[in-house]
Each structure stands twice: as structure tokens, then as C-alpha cells.
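Student: What follows is a structure written as C-alpha cells; I'll ask about it next.
There are 2 protein chains.
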Amino acid sequence: MPYFDAASSAPLHPVARQALQASLDEGWADPARLYREGRRAGLLLDAAREAAAEAVGCRPDELVFTPSGTHAVHAGMSGVLSGRRRVGLGLTVSAVEHSSVLHAAAAHEAATGGAVSEVPVDRYGAVTPDTYAGALREDTALACLQSANHEVGTEQPVAAVAEACRSRGVPLLVDAAQSLGWGPVEGAWSLLTASAHKWGGPAGVGLLAVRKGVRFAPRGPADERESGRSPGFQNIPAIVAAAASLRAVRAEAAAEAVRLRALVDRIRARVPELVPDVEVVGHPEHRLPHLVTFSCLYVDGEALLHELDRADFSVSSGSSCTSSTLTPSHVLRAMGVLSEGNVRISLPAGTPEAAVDRFLEVLPGVVSGVREKLGAPAGSGGAGTVAGTDGVGASLMVDALGRRCPIPVIELAKVFGEVPVGGTVTVLSDDEAARLDIPAWCEMRGQEYVGEQPADHGVAYVVRRVS
Amino acid sequence: MPYFDAASSAPLHPVARQALQASLDEGWADPARLYREGRRAGLLLDAAREAAAEAVGCRPDELVFTPSGTHAVHAGMSGVLSGRRRVGLGLTVSAVEHSSVLHAAAAHEAATGGAVSEVPVDRYGAVTPDTYAGALREDTALACLQSANHEVGTEQPVAAVAEACRSRGVPLLVDAAQSLGWGPVEGAWSLLTASAHKWGGPAGVGLLAVRKGVRFAPRGPADERESGRSPGFQNIPAIVAAAASLRAVRAEAAAEAVRLRALVDRIRARVPELVPDVEVVGHPEHRLPHLVTFSCLYVDGEALLHELDRADFSVSSGSSCTSSTLTPSHVLRAMGVLSEGNVRISLPAGTPEAAVDRFLEVLPGVVSGVREKLGAPAGSGGAGTVAGTDGVGASLMVDALGRRCPIPVIELAKVFGEVPVGGTVTVLSDDEAARLDIPAWCEMRGQEYVGEQPADHGVAYVVRRVS
């Protein structure tokens with residue numbers, strides 16, 4: 026039963042399980058108490074903090090445990106934004122950060138009126154250090170950049186951005202949730218956050234490292250635990266398991282990264298050969314070893330996930346139909362790549378080669394089955410029967426109002442061959458995904474995306490046939 | 026090795042351990058995902074929510090899991106204070122709430138300027154419904170009252186206060202951290218909070234119940250999990266263990282309450298017989314079954330805890346010397362009872378009778394040992410050698426500046442016999458505990474506490490000998 030969604034949550038590592046069970050007997054008491062049971066719990070907590078700090082690359086007194094990666098991000102961002110209020114209220118983030126960062130940024134903007142600058146990314150999902158540095162201003166209190174993207178696996182130039190931030194005196198918070206199991210984050214970061222269940226530790230444990238010298242003022246009600254940076258009674262057995270499994274995962278990381286990278290490279294190469302009309306997204310080289318994402322034209326992401334689940338493959342998707350808000354993933358949107366029929370595969374450590382082979386066997390049939398049900402155009406043809414160069418002025422209108430992704434793109438493709446070269450097709454759609462997927466279709470097909478215009482209902486997307 | 030501090034954290038219940046281990050294999054995936062592993066995790070979460078809601082006495086969709094009792098309190102309070110902002114910014118709490126409530130109240134006051142009314146308690150630590158109702162105002166957005174006090178065990182008149190709140194349209198949040206294992210909270214409460222590690226569940230799980238109809242606006246960054254009321258990835262194995270152990274603890278609660286109440290009654294009766302100059306605090310009847318607190322005159326709390334630990338007893342204390350801020354417990358202060366030499370005993374379920382017997386054997390020697398080292402006056406004598414009714418105007422001054430609890434009270438007691446009836450002793454002290462313990466000494470000794478006056482250094486506490 027291949028589970029290919031480690032980027033959401035990894036199965037518990039055997040070392041995590043052992044450490045958890047071994048510390049249940051000694052880790053339940055209050056580590057702040059001075060009696061025997063408290064002292065024992067305190068010793069476990071201290072040892073876990075030292076082990077985790079070593080893996081992060083910071084001092085133990087710079088590291089606190091939080092109840093989740095989300096809590097680490099929220100506490101880290103609000104602590105710096107409060108502590109550096111005199112500098113200003115400016116906040117810089119990349120456009121492809123995890124939702125915990127973007128939601129904290131939105132909350133900061135709503136509560137204080139502080140401006141949030143979103144640094145755009147290239148088509149691979151990466152910021153450039155220059156663009157990032159250009160977004161830093163006099164009043165920037167905090168900058169945030171993930172170590173690697175959780176949806177497409179692209180690594181960010183953290184060390185260069187950290188240096189740019191350092192030279193301007195702006196602390197950089199690095200969300201290392203996806204990468205910490207693979208290795209420490211290089212560069213002069215100021216804060217780092219992570220989440221244990223992403224590397225095979227238990228849920229319920231996040232890490233927040235704050236370098237000495239960073240102005241930090243915890244927000245919210247006072248609480249003495251975890252240096253005042255993370256309220257509530259610590260879950261020590263889970264913390265012990267998190268630290269032990271991080272160490273274990275790190276010991277296996279170099280070899281496992283090589284092995285998984287080969288499997289991911291195979292998926293990246295083979296999927297476009299096996300399945301027509303696929304766009305593999307994310308950087309081809311600067312990437313996490315275990316994560317690969319692609320999108321399939323004319324495919325409903327939810328149906329695809331369902332069929333893959335029936336075939337025993339558990340994957341996730343950034344397609345709009347798999348989101349509760351019916352909008353495509355903000356990461357794919359920021360990259361400007363196709364979002365329909367999106368599949369993210371993130372291999373847990375230990376994934377056997379045979380599971381990947383089997384996936385590659387199953388995928389083509391699953392995709393073509395979904396396409397068939399939707400009445401998608403067969404083959405990768407785009408330019409159809411009507412041709413000629415006299416089509417300037419000729420136009421067709423497709424009404425896809427009320428139809429959800431991928432139908433507007435399917436309808437576009439169906440009629441596209443009917444306009445001559447030079448002519449246009451206008452798609453009326455009220456589906457958010459169309460705004461991303463119609464231009465992406467043009468890019469994949471080599472056709473011209475003219476632009477969008479407001480319409481009485483929905484939006485009119487105009488495409489010109491150029492070949 | 027008797028552990029008598031269940032009110033801080035209870036050892037893991039065997040059912041919690043079993044449930045935790047049994048759900049590690051199925052509870053690690055993201056319950057928001059639709060694939061097999063996610064659905065299994067979701068089923069575990071749903072079942073745990075139903076079980077916990079049944080034990081709380083609410084609907085499953087009224088209950089969310091938080092990472093701790095502290096998080097539940099913070100989220101519950103801030104959610105109502107935000108949601109009812111149009112009503113006003115007023116907040117009513119009892120003076121003896123858990124620090125998580127009082128710290129959230131202070132944060133609310135600091136952030137919004139909203140007024141916090143603290144309802145005083147009687148000498149047993151209980152509010153009266155009338156006093157509580159009198160503190161509710163037109164602009165009161167939220168009222169908070171614990172079900173039972175965590176330091177002295179006194180039960181609060183929650184049902185009557187809830188009714189008073191209901192009739193004025195003010196939602197009442199009940200912090201049930203100490204009592205939920207013993208039974209549901211009666212009365213028309215609006216919100217309820219609790220913490221699993223207090224009943225023998227694992228750390229890392231709090232409960233927040235919010236009745237339908239309560240205006241609630243989660244504060245802080247948006248997050249979809251737990252109905253938007255508690256951010257971060259859920260720790261499902263811990264949640265399953267929390268719910269299973271709550272059910273198990275409840276099944277044993279009635280019988281165990283009877284048994285532990287008898288042991289606590291024995292401690293309450295025997296300690297004052299075995300140890301001179303002891304004040305047993307908290308309500309004699311309306312109390313938690315497993316918790317008893319007493320204070321010993323002329324005793325250093327930290328030394329007492331240390332000696333009890335050496336004798337294998339783990340207890341806690343509200344004495345100032347055991348607090349990082351060197352102030353006595355706010356609960357003892359609000360009750361106006363002696364804080365020096367304070368011992369809280371909270372028996373975990375299953376505590377054998379023999380452990381309590383052994384404690385009663387050991388305690389007298391431990392207390393007299395600590396008193397001897399401090400040079401405390403022997404016996405319970407107060408009125409000493411000099412007597413007569415002609416002492417009006419006679420006075421003595423004791424300089425205890427720079428001396429910590431219990432020294433100022435010991436110095437008072439040492440010289441008290443030297444003034445005649447009608448005369449006064451003035452104690453100069455800069456120790457916060459003196460403000461509480463000198464009046465408490467007068468109460469215990471039947472002498473008159475005249476009052477305090479500012480002095481060049483510290484405060485002058487004046488006591489008149491009346492017998």
C-alpha cells in the first residue's frame with residue numbers, strides 16, 4: 026500500500042516509536058517541579074533539547090519546543106514583529122510560503138496595518154536573492170523564507186537571502202519544515218522553524234530556534250514554560266521521540282537522499298513519456314530529494330486522487346477541486362503553472378523502488394480513464410482541422426460559466442481547432458482555476474494568451490491561435 | 026515511591042498507554058486528506074471527539090482539541106472576547122483562577138484596555154454566587170470560573186454562577202482542569218476547558234467546548250483545523266489516548282472518589298493532631314476528593330519539599346520560597362490564609378492507604394526538623410512570660426529586613442512573649458510573604474493584627490498582644 030504523501034505527514038519512524046514508549050514512564054511529570062519525577066522529566070527534556078539543537082545547528086538555549094510547526098511559525102513571527110516594533114511593521118515573505126506563514130502575515134496586516142511584501146518566484150517556484158533583497162525596506166521588521174517548497178520541492182537560495190537580510194539588519198525566519206530531516210539549513214538565518222511529524226517524529230512537536238541577539242517579545246498571555254516562548258505543559262515523551270528520530274533520520278539522510286532522488290528523477294522523466302499533456306513542475310536540480318509534482322491537462326484533480334487511492338496510491342494535489350476554497354494552490358498560482366490534474370508525490374524514507382515502478386504502470390490508465398469520463402480531447406493535438414492564415418478577426422466564444430476545473434480548459438481545447446490561425450477563442454468562466462490554467466494551456470500548446478476581460482458574468486479569457 | 030502531586034500531572038493511565046500505542050499505526054496521517062491513511066486518522070479523531078464530548082456533556086461539533094489546557098483557556102477566552110467585542114471589553118474572573126486564566130486576563134487588559142473584575146473569595150477559597158453576579162456589568166463580554174481550585178481543592182458554585190451569568194446574557198467559561206476526570210460540570214456553562222494529563226491522559230491534549238450560540242471569533246492567524254479554533258496538525262494518538270482514558274477514569278471515578286476522600290479526610294484530621302501550628306486550608310466538604318492543602322507555621326516551604334522528597338514523597342507548595350517570583354501563591358493570598366510551610370497533596374487514583382499512613386508517620390519529624398534548623402519557637406506557645414494588663418503603649422520592634430519567609434514570622438513569635446498584653450510588636454520586613462503570613466499568624470494565635478505602615482525600608486507590620 027504505497028503512501029506517497031510524506032510531505033503532509035510521515036509514518037512514525039521506528040526510533041520515534043521506541044523513544045516514545047521508553048519515555049512514557051519517566052516523561053509524564055512536570056519538569057518544572059523539583060521532586061524526583063519532575064527532575065527525571067526535566068532531564069529527558071534537557072537531553073531532547075540538546076539533541077534537537079545539535080541537529081538544527083544552534084545552542085540548546087536558543088531552541089524551544091512548540092505544539093506544532095504551525096505554532097512555531099506563529100510564535101516566531103509574532104515574537105519578532107512585536108520585539109522589533111520600533112523598527113517598523115514591515116514584513117517580507119515569499120509568495121510560496123506555507124499557509125501558516127501567509128496566514129500569520131495576513132493576521133499581522135489586519136491587526137497592525139503593517140505592510141506585507143510578497144516576493145514573487147520564477148516558474149520553478151524559487152525567489153532570486155536580488156528580488157528578495159529588493160523587497161526589504163527601512164521598516165522591514167522580519168523576513169521569512171522557506172528552505173524548500175512543500176508543494177513542488179524547489180529549494181530556495183536561503184544562504185544568499187540570509188546574507189542580504191543580515192547586511193540590512195533584518196532577521197530572517199526560515200521555515201525548514203520540509204527539509205530539516207535531510208540536513209541543517211545553511212546560512213546566517215536568525216530564526217528557524219520545523220515540525221517533527223514531517224521527518225517521522227510524532228505529531229504534537231514543533232521546533233522554534235531564535236538566535237541570541239534577535240529582539241524577541243513573545244505575544245499573548247505570559248507563560249513560564251519554554252523560556253516564555255511557547256505556553257502550555259510540554260509533551261515530553263513526544264519531544265523525546267521527535268529529537269531521537271531526527272537524529273536517526275539524519276544518520277540515514279545522505280544515502281536515502283541519493284536513493285530517493287533517483288526514484289524521483291525516474292518519475293520526472295517517465296511521467297511525461299507515459300502520459301500525454303503533462304507538465305512536471307518545480308526545479309529540475311535544486312530540489313528536495315523525495316518530492317515531485319506534475320499537472321495533467323484535462324484532468325479533475327479530485328477524481329485523479331480518488332482513482333489513485335482506489336489503486337492504493339496516496340498522493341496529494343494542489344488542484345482547486347481538492348481545496349475547500351475551490352481555488353488552486355497559491356504555490357502553483359505564484360509559479361504560473363498548470364494547476365488542473367495536479368499530483369504531488371513525496372516519498373517517505375524507505376519507499377521501495379517497486380512501488381514507484383508500480384505507480385508508473387498504473388498512472389497512464391488512471392489519467393486516461395479520468396480524461397475519458399470528462400470527455401477530454403484525445404491525443405495532444407491542439408491545432409485542429411481548420412487552418413490558414415486568413416483567420417484574423419475570426420473568433421469563437423465558449424460559455425463555461427458554472428463549470429469547474431478542468432471543464433473550461435477542456436471546452437477551450439475542443440473548439441480550438443475550429444478557429445483559423447490568427448483567430449481567437451474567448452472562454453467565459455467563473456472558476457478561479459481558469460485564470461491560471463488557460464494561460465498555462467497556452468504556454469504548453471505554444472498558443473498566445475491575449476488576456477482577460479471582465480464580463481457580465483465571470484471573466485472572459487481570450488486566446489489567439491498562432492499555429 | 027509515593028507521588029502526591031496529581032494536580033500538577035497524573036501518571037499515565039494504563040488505558041491511555043494502550044490506546045496511544047494502538048493508534049500509533051493508524052493515527053499519524055493527515056485527517057484532512059481523503060486517501061486511506063487520512064480517512065483512518067480521521068475516523069480515530071471523530072471517535073475520540075465523540076467520546077470526549079460525551080464525557081464533557083456537549084455535542085461533538087462543540088468540542089475541539091487543543092495542544093494543552095493552557096491553549097484551551099487562551100483560545101476560549103480570546104475567542105469570546107473577540108466575538109463579543111460589540112458588547113464590551115469587560116472580563117470577570119475569580120481571584121483564584123489558574124494562572125492561564127489570569128495571564129490571559131492580564132494580556133486582554135494590556136492589549137485592549139478592557140477592565141478585568143476579580144471576584145474575591147472567602148477564607149475557604151470559594152466565590153459566592155451573589156458576589157460573582159454583582160461583578161457582572163453591562164459591558165461584561167466574558168466570565169470565567171474554575172470548577173474547583175487547583176491549590177486547595179475547594180469546589181466553586183458553578184451552577185449558580187452559570188445561572189446568574191445566563192440571566193444577564195454573559196457566557197461563562199468554566200476551567201474544569203482539576204475536576205473533569207471526576208465528573209461532568211453541572212449547570213448552564215457556555216465554554217469549558219480541560220487538560221488530559223490531569224486525569225491520566227497524555228500531555229499535549231486540551232479540550233475546548235464552546236456551546237452553540239456563543240459568539241466566538243478565533244483570534245490570531247487563520248487555520249482550518251479543529252473548526253478554526255485550534256491551529257496546527259493534531260496529535261491523533263495522544264487525542265485517542267486522552268479520550269479513552271477519560272472514559273476509563275470516569276468509570277472508576279465514583280468508587281475511587283469515596284476511597285480517596287476517606288484518605289484525604291484522614292490527612293485533614295490527623296495532620297493538625299500530629300504537627301503543632303498547622304492550618305489546614307480549603308473547604309472541609311465542598312472539595313475535590315483527592316486534594317488537601319495545609320500550611321505549617323515557622324517552616325520554609327522549599328526545605329520542607331526537599332525533606333519530603335528525600336523521604337520519597339513528591340508534593341507541591343504555594344509558599345513564596347518555592348515560586349520563581351518569591352511571592353506566595355495568589356490563591357492563598359486571595360484566601361488570606363497562612364502561606365509559609367505550605368504543602369499541597371493531590372493523590373493520584375489508586376494511591377494505596379499505606380502510602381498515606383506512611384506520610385502521616387514521616388511528616389511530624391520532617392516538619393520539626395525543618396523548624397529546628399530555622400530556630401523556630403518550640404511548642405505552640407505564643408503568650409510568653411511577661412503578662413499583665415498594663416502594657417498599653419509598650420512596644421517592641423523586630424528588624425527582619427532582607428530575611429525571607431518564614432523568618433519574619435519566626436522573629437515575631439520569638440519576641441512576642443516579651444511584650445505585655447496591650448503592647449505591640451512591629452515587624453519590619455521587605456518579604457512579600459510577610460503581608461500574608463503575619464496577619465495569618467495573628468488569626469491562628471488569636472492576637473490582633475493592627476495593620477501595616479510604610480517604612481523607610483520595607484513595610485512595618487504591627488501586631489497587638491490581646492492575651
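Protein chains in written order, with my numbering: chain V, 26 to 492; chain R, 26 to 492.
For glycine and all other residues, C-beta sits at the position ideal for the given N, C-alpha and C.
Under a Cβ-count criterion, where at least 16 other Cβ atoms within 10 Å of its own Cβ denotes burial, should V:S204 be classed as buried or exposed?
Tutor: buried
Student: Measure the alpha-carbon distance for V:G406 versus V:F441 and round it to whole angstroms.
Tutor: For V:G406, the predicted model reports a pLDDT of 48, less than 50, meaning its position is unreliable; a value from the coordinates is still stated below. Cα-Cα distance, rounded: 10 Å.
Student: Who are the near neighbours of V:C467 in its chain, counting only those whose CB is closer than 8 Å to its CB and skipping five residues on each side?
Tutor: E473, Y474, V488
Student: Starting from R:A168, trace the alpha helix (DSSP H) both ways and give me its first and last residue.
Tutor: Not the alpha helix (DSSP H): R:A168 falls in the beta strand (DSSP E), residues 165-171.
Student: Count Cβ pairs between the region 38-55 of chain R and the region 184-201 of chain R that sit closer than 8 Å; are there 3 or more?
Tutor: no
Student: Quick check: what's the CA-CA separation for R:L437 versus R:E443?
Tutor: 10 Å
Student: In the DSSP output, what is R:I370 paired with across the bridge?
Tutor: R:V317
Student: Identify, in the order they occur along the chain, each residue of the same chain with its Cβ nearer than 6 Å to the Cβ of V:G206, setting aside the five sequence neighbours on each side.
Tutor: Excluding sequence neighbours, V:G206 sits near W224, V274.
Student: Along the region 171-186 of chain R, what residues have a CB closer than 7 Å to any CB found in chain B?
Tutor: In summary, chain B is missing from the structure at hand, where the protein chains are V and R.
Student: For chain V, is any of its Cβ atoms less than 8 Å away from the one on R:R110?
Tutor: no
Student: Please tell me whether R:P246 and V:H222 are closer than 8 Å, where the distance is taken between their beta carbons.
Tutor: no
Student: For R:D164, does the count of other Cβ atoms within 10 angstroms reach 16, so buried, or fall short, so exposed?
Tutor: Result: exposed.
Student: Identify the contact partners of V:G343 in chain R, using a Cβ-Cβ distance below 8 Å as the criterion.
Tutor: Per Cβ cutoff of 8 Å: no residues; V:G343 is ~13 Å from chain R at best.
Student: Exposed or buried, which one is V:T350 when buried takes at least 16 other CB atoms within 10 Å?
Tutor: exposed
Student: Got a sec: which bits of the region 75-91 of chain V sit with their beta carbon under 7 Å from any beta carbon on chain R, in order along the chain?
Tutor: none
Student: Start and end of the beta strand (DSSP E) containing R:P262?
Tutor: Where R:P262 is concerned, there is no enclosing beta strand (DSSP E), although the alpha helix (DSSP H) it sits in stretches over 261-299.
Student: To the nearest angstrom, how far is it from the Cα of V:I370 to the Cα of V:E176?
Tutor: Roughly 9 Å between the two C-alpha positions.
Student: Is it true that the CB of R:A242 sits closer than 8 Å to the CB of R:G104?
Tutor: yes
Student: Can you list the residues of chain V that R:S339 reaches, using a CB-CB cut of under 7 Å?
Tutor: Y60, R61, E62
Student: Please report the straight-line C-alpha distance between R:S365 and R:A97, rounded to a whole angstrom.
Tutor: Residue identity differs from the one stated: residue 365 of chain R is Glu in this sequence, not Ser. Roughly 32 Å between the two C-alpha positions.
Student: Given a limit of 8 Å on CB to CB distance, which residues of the region 205-239 of chain V reach chain R?
Tutor: S220, H222, P227, A228, G229, G231
Student: Beta carbon of R:S119, beta carbon of R:L167: below 8 Å?
Tutor: no
Student: What are the boundary residues of the beta strand (DSSP E) that includes R:E365?
Tutor: Premise fails: R:E365 is in no beta strand (DSSP E) and is neither H nor E.
Student: Would you mind reading off the limits of the beta strand (DSSP E) that contains V:R489?
Tutor: Note, V:R489: beta strand (DSSP E), 484-489.
Student: Would you kindly check if the distance between the Cβ of R:C430 and the Cβ of R:A458 is under 8 Å?
Tutor: Result yes, Cβ atoms of R:A458 and R:C430 sit closer than 8 Å.
Student: Under 8 Å between C-beta atoms, does R:Q43 make it to chain V?
Tutor: no
Student: Along the beta strand (DSSP E) that carries R:Q478, what are the first and last residues, could you check?
Tutor: 473-479
Student: At 9 Å on the CB atoms, spell out the chain R contacts of V:N260, in chain order.
Tutor: Using a Cβ-Cβ cut-off of 9 Å, V:N260 is close to P92, S93, H222, P227, A228, G229, V230, N260, A263 of chain R, given in chain order.
Student: DSSP three-state call for R:T153: helix, strand or coil?
Tutor: Three-state DSSP puts R:T153 in coil, outside helix and strand.
Student: Rounded to whole angstroms, what's the CA-CA distance from R:E143 to R:R254? Just pull it up for me.
Tutor: 27 Å
Student: Would you identify the three-state DSSP class for R:K454, choosing helix, strand or coil?
Tutor: Reading off the sequence, residue 454 of chain R comes out as Ser, not Lys. Looking at R:S454 - three-state DSSP - the assignment turns out to be strand.
Student: Using the DSSP secondary-structure output, state which residues sit across from R:Q312 in a beta bridge.
Tutor: First, the amino acid is wrong: residue 312 of chain R is Arg here, not Gln. R:R312 is bridged to R:T179.
Student: Ignore the nearest five residues each way along the sequence and tell me which others in R:G413's own chain have a CB closer than 7 Å to its CB.
Tutor: Model confidence at R:G413 stands at a pLDDT of 48, short of 50, so the residue's coordinates are unreliable and nothing is read from them.
Student: Any C-beta of chain R within less than 9 Å: which residues of the region 241-255 of chain V qualify?
Tutor: R244, G245, P246, A247, D248, E249, R250
Student: Taking C-beta to C-beta, are V:S125 and V:G159 nearer than 8 Å?
Tutor: no
Student: To the nearest angstrom, how far is the alpha carbon of R:R61 from that of V:S339?
Tutor: 7 Å
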